[in-house]
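So the sequence shown is numbered by this note's numbering: it starts at 5 and just counts up by one.
Cβ atoms here follow ideal geometry from the backbone N, Cα and C, with glycine treated the same way.
If you're wondering where the values come from, they're calculated on a predicted model, not measured in any experiment.
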Amino acid sequence: MTFQSTKDFHDNSLLHMLFGPADAHLDQIEKKLGVKLASRGNQVLAAGDQAQVEAALATLERLYDRLSAGLDVGPADIDAALRFEQEVDPAAGPVPVIVTRKRHVQARTPTQATYMRAMDKHQLVFGLGPAGTGKTYLAVAQAVSMMLKGEVDRIILSRPAVEAGERLGFLPGDMKDKVDPYLRPLYDALHDMLPGDQVAKRLAAGDIEVAPLAFMRGRTLAHAFVILDEAQNTTPMQMKMFLTRLGDHSRMVITGDLSQVDLPSGMPSGLRDALGILDGVEGISKVSFTDKDVVRHELVARIVRAYDAHDRKK
Numbered sequence: 005m006t007f008q009s010t011k012d013f014h015d016n017s018l019l020h021m022l023f024g025p026a027d028a029h030l031d032q033i034e035k036k037l038g039v040k041l042a043s044r045g046n047q048v049l050a051a052g053d054q055a056q057v058e059a060a061l062a063t064l065e066r067l068y069d070r071l072s073a074g075l076d077v078g079p080a081d082i083d084a085a086l087r088f089e090q091e092v093d094p095a096a097g098p099v100p101v102i103v104t105r106k107r108h109v110q111a112r113t114p115t116q117a118t119y120m121r122a123m124d125k126h127q128l129v130f131g132l133g134p135a136g137t138g139k140t141y142l143a144v145a146q147a148v149s150m151m152l153k154g155e156v157d158r159i160i161l162s163r164p165a166v167e168a169g170e171r172l173g174f175l176p177g178d179m180k181d182k183v184d185p186y187l188r189p190l191y192d193a194l195h196d197m198l199p200g201d202q203v204a205k206r207l208a209a210g211d212i213e214v215a216p217l218a219f220m221r222g223r224t225l226a227h228a229f230v231i232l233d234e235a236q237n238t239t240p241m242q243m244k245m246f247l248t249r250l251g252d253h254s255r256m257v258i259t260g261d262l263s264q265v266d267l268p269s270g271m272p273s274g275l276r277d278a279l280g281i282l283d284g285v286e287g288i289s290k291v292s293f294t295d296k297d298v299v300r301h302e303l304v305a306r307i308v309r310a311y312d313a314h315d316r317k318k
């Protein structure tokens with residue numbers, strides 16, 4: 005027997021954004037859950053399997069709450085809401101949101117929510133997993149949010165200058181020209197969180213620093229939010245050097261993907277080394293993402309799964 009249920013949404017001004025153009029958002033939920041949805045005024049009628057109907061209406065309620073808070077709703081947000089309804093323990097609490105000048109960044113997967121809570125609570129967090137899961141993006145958002153609230157004085161973003169076998173000495177230009185291409189994803193994330201003039205002003209003042217890992221040696225990073233991206237490409241000595249830069253009233257987030265190590269053959273990854281050495285150390289959190297957490301294009305998640313399956317066969 006087909007189960008039916010309805011849901012009322014009181015603010016009519018939000019309904020066109022909730023339902024999407026030509027009810028495209030309702031169509032997306034129908035396809036994902038195998039239910040039938042119909043809008044009648046400010047009411048939605050759902051029909052199908054009871055569990056899926058309840059999930060569909062709960063998803064619409066979550067999206068409606070998002071719109072009520074002034075946030076946008078698009079296809080990726082619908083996928084995120086569906087994931088939360090299907091995978092998250094209701095006792096885990098509300099979906100975390102990071103507030104910056106340009107946007108409100110909300111967790112799109114259960115693992116992202118865990119990661120965001122870990123960064124809020126712990127002084128040192130490892131974010132591990134494939135590309136496209138938001139590891140670096142969310143870390144930059146958290147850093148900007150904490151700086152705007154005065155919880156840290158500055159942000160330091162770093163990467164090892166090793167990618168796909170490139171050697172800096174063979175690249176054209178001065179040192180800045182050589183390292184900027186490696187650091188571009190960090191600049192891009194900053195510009196998503198802050199207006200361009202503020203990014204430039206804070207970079208010039210030293211409130212935000214984007215630098216290769218080698219520039220961290222000999223420093224103590226106090227009152228700062230420090231991010232090391234692509235940490236799988238550090239050596240054990242580099243990782244130890246970086247970890248011991250942590251100063252008073254600072255936070256540190258280290259992100260990486262151990263399936264994408266670009267170090268010379270036979271050289272161990274400092275990220276893998278650190279995870280073993282620091283296992284169980286109090287005050288450190290480790291959050292592992294999977295292909296289910298990829299929030300770029302759905303095809304990216306399928307690509308990651310295909311490569312993982314290929315690696316397992318080998």
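### Message
Looking only at its chain, what residues have a beta carbon closer than 6 Å to the beta carbon of SER273, apart from the 5 residues adjacent to it on each side?
### Response
Annotation for SER273: GLN236 and VAL265 place their beta carbon closer than 6 Å to its own, counting only its chain and skipping 5 residues before and after.
### Task
May I ask you to report which of helix, strand or coil DSSP gives GLU34?
GLU34 falls in the helix class under three-state DSSP.
### Message
What does the Cβ neighbour count give for TYR81, buried or exposed, with the cut at 16 atoms within 10 Å?
### Response
One point to set straight first is that residue 81 is Asp, not Tyr, in the sequence displayed. It is buried - the Cβ of ASP81 has at least 16 other Cβ atoms within 10 Å.
### Message
Am I right that LEU18 and LEU71 are in contact with their C-beta atoms under 8 Å? What's the rounded C-beta distance?
### Response
With a Cβ gap of about 5 Å, LEU18 and LEU71 count as contacting.
### Query
Taking three-plus beta-carbon pairs below 8 Å as touching, is the region 143–150 in contact with the region 214–225?
No, because fewer than three Cβ pairs between the region 143–150 and the region 214–225 fall closer than 8 Å, the two stretches do not touch.
### Task
May I have a chain-ordered list of the beta strand (DSSP E) segments no shorter than 3 residues that lie completely inside the region 228–265?
The beta strand (DSSP E) runs of length 3 or more contained entirely in the region 228–265 are, from start to end of the chain, 228–232 and 255–260.
#### Entry: Counted within 10 angstroms of its Cβ, other Cβ atoms place THR140 as buried (16 or more) or exposed
Classification for THR140: buried.
### Task
Go ahead and label SER269 buried or exposed: buried means 16 or more other beta carbons lie within 10 angstroms of its beta carbon, across all protein chains shown.
Exposure of SER269 is indicated by the presence of fewer than 16 other C-beta atoms within 10 angstroms of its C-beta.
### Task
Determine the direct distance from the alpha carbon of THR113 to that of SER289, and round the result to whole angstroms.
Straight through space, the alpha carbons of THR113 and SER289 are spaced by roughly 18 Å.
### Task
Identify the continuous beta strand (DSSP E) that holds SER289 and give its terminal residues.
Under the DSSP assignment, SER289 falls in the beta strand (DSSP E) whose first and last residues are 288–292.
### The alpha helix (DSSP H) enclosing LYS205, as first and last residue numbers
Residues 200–209.
### Message
I'd like to know whether the C-beta of THR104 is nearer than 8 Å to at least one C-beta of chain B.
### Response
No chain B is part of this structure, which consists of one protein chain only.
### Query
Between ASP211 and the rest of its own chain, which residues show a CB-CB distance below 6 Å, the 5 nearest in sequence each way excluded?
Answer for ASP211: ARG158, listed in chain order.
### Query
Buried or exposed: where does GLN47 fall if 16 or more other Cβ atoms within 10 Å of its Cβ makes it buried?
That one is exposed.
### Query
Which word fits THR115, buried or exposed, when buried means at least 16 other C-beta atoms lie within 10 angstroms of its C-beta?
In this structure THR115 is buried. Its beta-carbon is surrounded by 16 or more other beta-carbon atoms within 10 angstroms.
### Task
My understanding is that VAL103 touches ALA111, with C-beta atoms under 8 Å, so please give their C-beta distance in whole angstroms.
So it is not a contact: roughly 13 Å between Cβ atoms.
#### Entry: Distance CB(MET253)-CB(ALA209) smaller than 8 Å
Checking the sequence, you will find His at residue 253 rather than Met. Remark: C-beta atoms of HIS253 and ALA209 do not approach each other more closely than 8 Å.
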